[in-house]
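**Q**
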Amino acid sequence: MKKFLALLLALVMVFALAACGGTETTPTDAPASEAPASEAPEDGGEEATFLPGGGSNIVYVITPATSNVFFATEAEVARAKAEELGYEVKTVSHDDDASRQLEAIEAAIADKAAFIILDNAGADATIEAVQAAYDAGIPCFLIDREINTTGIAVAQIVADNAQGAAAIAEKWVEAMNYEGKYAELLGLESDTNAQVRSDNFHSVIDQYPDLEMVAQQSANWDQTEAYEKTEAILEANPEITGIICGNDTMACGAAAACADAGRTDIKIIGVDGSDDAAALIKSGQMVGTALQQCALIAEMAVEQAERNQRAAAPYGAAASQKRKGTFRVLPAAPIPEARGICPFRRAPPN
Numbered sequence: 055m056k057k058f059l060a061l062l063l064a065l066v067m068v069f070a071l072a073a074c075g076g077t078e079t080t081p082t083d084a085p086a087s088e089a090p091a092s093e094a095p096e097d098g099g100e101e102a103t104f105l106p107g108g109g110s111n112i113v114y115v116i117t118p119a120t121s122n123v124f125f126a127t128e129a130e131v132a133r134a135k136a137e138e139l140g141y142e143v144k145t146v147s148h149d150d151d152a153s154r155q156l157e158a159i160e161a162a163i164a165d166k167a168a169f170i171i172l173d174n175a176g177a178d179a180t181i182e183a184v185q186a187a188y189d190a191g192i193p194c195f196l197i198d199r200e201i202n203t204t205g206i207a208v209a210q211i212v213a214d215n216a217q218g219a220a221a222i223a224e225k226w227v228e229a230m231n232y233e234g235k236y237a238e239l240l241g242l243e244s245d246t247n248a249q250v251r252s253d254n255f256h257s258v259i260d261q262y263p264d265l266e267m268v269a270q271q272s273a274n275w276d277q278t279e280a281y282e283k284t285e286a287i288l289e290a291n292p293e294i295t296g297i298i299c300g301n302d303t304m305a306c307g308a309a310a311a312c313a314d315a316g317r318t319d320i321k322i323i324g325v326d327g328s329d330d331a332a333a334l335i336k337s338g339q340m341v342g343t344a345l346q347q348c349a350l351i352a353e354m355a356v357e358q359a360e361r362n363q364r365a366a367a368p369y370g371a372a373a374s375q376k377r378k379g380t381f382r383v384l385p386a387a388p389i390p391e392a393r394g395i396c397p398f399r400r401a402p403p404n
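Residue numbers for the sequence shown follow my numbering, beginning at 55 and rising by one.
And the structure:
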């Protein structure tokens with residue numbers, strides 16, 4: 055499995071904090087000049103009943119398709135951490151299909167799972183499945199993607215997508231010299247992260263009247279689909295000089311299509327901080343990406359779940375309160391050799 059890299063330049067560092075309880079702290083290796091961590095409003099202030107788990111030593115790690123390196127990293131890190139703590143781990147991919155996700159949750163219930171780590175298949179479509187686990191006394195720890203309800207997941211551990219998207223958009227508008235026509239590739243419609251990232255790209259870009267979006271299409275987080283959509287966009291809109299993408303997988307597909315069309319002038323950004331994006335930034339085919347520490351998020355979820363298992367009191371009393379960390383915008387080009395942290399632990403010190 056590919057390891058993600060932390061670029062020294064042209065990246066946004068997105069730190070994810072624990073979503074539940076008040077004991078977690080902001081990563082300590084961020085420089086003192088960063089903005090202070092901010093806490094999202096409490097989502098209704100609901101309290102969750104302590105969930106003891108089903109009684110077995112089995113843990114389920116359920117994610118979208120692991121053909122995407124981001125989700126593969128989540129699954130692998132969560133699996134490794136849970137096994138380190140002595141659990142038997144079953145990993146399942148729902149491929150963003152809510153029915154398959156429900157089947158996986160039902161399997162976890164049947165196996166009397168200790169807990170579930172879940173990167174979900176939709177903010178609304180997932181509620182039924184998480185409710186079923188809750189009703190069975192099995193705690194769910196959500197990573198990466200939120201759901202549109204409170205009180206049934208013990209924790210929702212997410213990166214600050216709004217902050218990260220806005221920051222990388224600032225880098226992109228500078229690269230575009232604040233003018234030109236561009237296209238946007240959106241993520242999966244059922245994933246709230248897709249809309250949050252798009253909205254916050256535009257919170258920056260739309261301030262510049264000489265930047266005009268001429269095409270906007272969903273590529274569903276998929277590289278092949280992004281390649282095909284970009285080919286069609288370039289044919290219909292040869293005047294574009296930029297493409298903004300909701301994740302690195304789509305950005306890589308867009309970059310490949312641009313390269314095949316001989317359009318090395320097009321400025322492309324993504325979100326995630328993958329090895330492939332790092333290579334494209336170094337080669338000049340991408341402007342930048344927002345680094346999301348998916349391994350840290352996954353590891354924190356397992357650690358919280360383990361504490362939940364050991365607790366004798368209602369550890370989950372602060373359920374569904376989401377706390378988000380800060381990011382760091384590092385200087386833009388030129389891109390030096392990338393320096394990695396395997397996989398996504400903490401940002402390297404300045």
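We put the beta carbon where it would ideally sit given N, CA and C, even for glycine.
Going by other Cβ atoms of all chains shown within 10 Å of its Cβ, with 16 needed for buried, is Arg364 buried or exposed?
**A** That one is exposed.
**Q** Assuming Leu265 and Glu233 make a contact with CB atoms under 8 Å, what is their CB distance in whole Å?
**A** That pair is a contact at about 6 Å.
**Q** What are the uninterrupted segments assigned as alpha helix (DSSP H) that are 4 or more residues long and contained completely in the stretch 274 to 356, given in chain order?
**A** For the stretch 274 to 356, whole alpha helix (DSSP H) runs of length 4 or above, ordered along the chain, are 277 to 290, 302 to 314 and 329 to 337.
**Q** Over the uninterrupted alpha helix (DSSP H) stretch that includes Val131, give me the two end residues.
**A** Segment Val123 to Glu138, the alpha helix (DSSP H) holding Val131.
**Q** Can you give me the Cβ contacts of Ser257 inside the same chain, cut-off strictly under 6 Å, excluding the 5 residues immediately before and after it?
**A** Once the five neighbours on either side are set aside, the close Cβ partners of Ser257 are Ala220.
**Q** Per DSSP, which one or two residues make a beta bridge with Lys144?
**A** Answer is Tyr114, bridged to Lys144.
**Q** Just to confirm before moving on: does the CB-CB distance between Arg133 and Val146 stay below 8 Å?
**A** No.
**Q** Roughly how many angstroms separate the alpha carbons of Ala373 and Ser337, rounded to a whole number?
**A** Any reading at Ala373 must be qualified, since the residue scores a pLDDT of 39, below 50, and its modelled position is unreliable; no value is offered.
**Q** Short of 7 Å in beta carbon distance, which residues of its chain neighbour Thr203, apart from the five on each side in sequence? Order them along the chain.
**A** Hits under 7 Å: Ile181.
**Q** Rounded to the nearest angstrom, how far is the Cβ of Asp173 from that of Ile197, given a contact under 8 Å?
**A** Rounded, the Cβ-Cβ distance is 5 Å, consistent with contact.
**Q** Is Ile206 helix, strand or coil by DSSP?
**A** Ile206: coil per DSSP, three-state reduction.
**Q** Would you list the one or two residues that DSSP bridges to Phe169?
**A** Val113.
**Q** By how many angstroms is the C-alpha of Asp314 removed from the C-alpha of Ala359?
**A** Cα to Cα, Ala359 sits roughly 46 Å from Asp314.
**Q** Quick one: is Asp214 buried, meaning 16 or more other Cβ sit within 10 Å of its Cβ, or exposed?
**A** Flag for Asp214 reads buried.
**Q** Pull up the distance between the alpha-carbon of Ile297 and that of Gly108, whole angstroms please.
**A** In a straight line, the C-alpha of Ile297 is about 47 Å away from that of Gly108.
**Q** Give me the residue from Val250, Leu239 and Ala344 with the minimum Cα distance to Ala216.
**A** Closest option to Ala216, Cα to Cα, is Val250.
**Q** Please report the residue range of the alpha helix (DSSP H) in which Gly218 lies.
**A** Where Gly218 is concerned, the enclosing alpha helix (DSSP H) stretches over Asn215 to Ala229.
**Q** Could you give the first and the last residue of the continuous beta strand (DSSP E) run that contains Ile197?
**A** Looking at the DSSP string, the run of the beta strand (DSSP E) that includes Ile197 is Cys194 to Ile197.
**Q** Would you kindly work out how many angstroms separate the C-alpha atoms of Ile163 and Tyr141, rounded to a whole number?
**A** Looking at the two C-alpha atoms, the distance is approximately 16 Å.
**Q** Is the beta carbon of Asp245 less than 8 Å from the beta carbon of Gly307?
**A** No, they are not a contact pair.
**Q** In whole angstroms, what separates the C-alpha of Asp330 from that of Phe125?
**A** Whole-angstrom Cα-Cα distance: 15 Å.
**Q** By DSSP, does Ile201 sit in helix, in strand, or in coil?
**A** Residue state, collapsed to three classes: coil.
**Q** Out of Ser110, Leu139 and Arg199, state which residue places its alpha-carbon closest to the alpha-carbon of Asp116.
**A** Inspection of the sequence shows that residue 116 is occupied by Ile rather than by Asp. The shortest Cα separation from Ile116 among Ser110, Leu139 and Arg199 belongs to Arg199.
**Q** For Gln270, does the three-state DSSP call read helix, strand or coil?
**A** In this structure, Gln270 counts as strand in the three-state DSSP scheme.
**Q** Quick check: what's the CA-CA separation for Gln185 versus Lys235?
**A** If you take the alpha carbons of Gln185 and Lys235, they lie about 45 Å apart.
**Q** Keeping to the same chain, check which residues put their C-beta closer than 8 Å to that of Met230; ignore five residues upstream and five downstream.
**A** Closer than 8 Å at Cβ, skipping near neighbours: Tyr236, Leu265, Thr295, Gly296 and Lys321.
**Q** Between the Cα of Glu357 and the Cα atoms of Glu224, Ala309, Val131 and Gln261, which residue gives the shortest distance?
**A** When only C-alpha atoms are compared, the closest one is Val131.
**Q** For Tyr236, list the residues DSSP reports as bridge partners.
**A** Answer by DSSP bridge pairing, in chain order: Met267 and Gly296.
**Q** Output the boundary residues of the alpha helix (DSSP H) element that contains Ser252.
**A** It spans Thr246 to Ile259 - the alpha helix (DSSP H) in which Ser252 sits, taken as one unbroken run.
**Q** Is it buried or exposed for Ser153, if we count other Cβ within 10 angstroms and need 16 for buried?
**A** Its Cβ having fewer than 16 others within 10 Å, Ser153 is exposed.
**Q** Output the distance between the C-alpha atoms of Glu353 and Asn362, rounded to the nearest integer angstrom.
**A** Those two C-alpha atoms are separated by around 14 Å.
**Q** State the Cα-Cα distance for the pair Gln210 and Gln270, rounded to the nearest angstrom.
**A** If I take the Cα positions, the gap works out to 30 Å.
**Q** Taking the straight line between their C-alpha atoms, what separation do you get for His148 and Ile159?
**A** Roughly 10 Å between the two C-alpha positions.
**Q** Let me know if Pro193 comes out buried or exposed under the rule of 16 or more other beta-carbons within 10 Å of its beta-carbon.
**A** By the neighbour-count rule (16 or more Cβ atoms within 10 Å), Pro193 is buried.
**Q** Name, in chain order, the residues that DSSP records as bridge partners for Ile211.
**A** The partner list for Ile211 (beta bridge, DSSP) reads Ile197.
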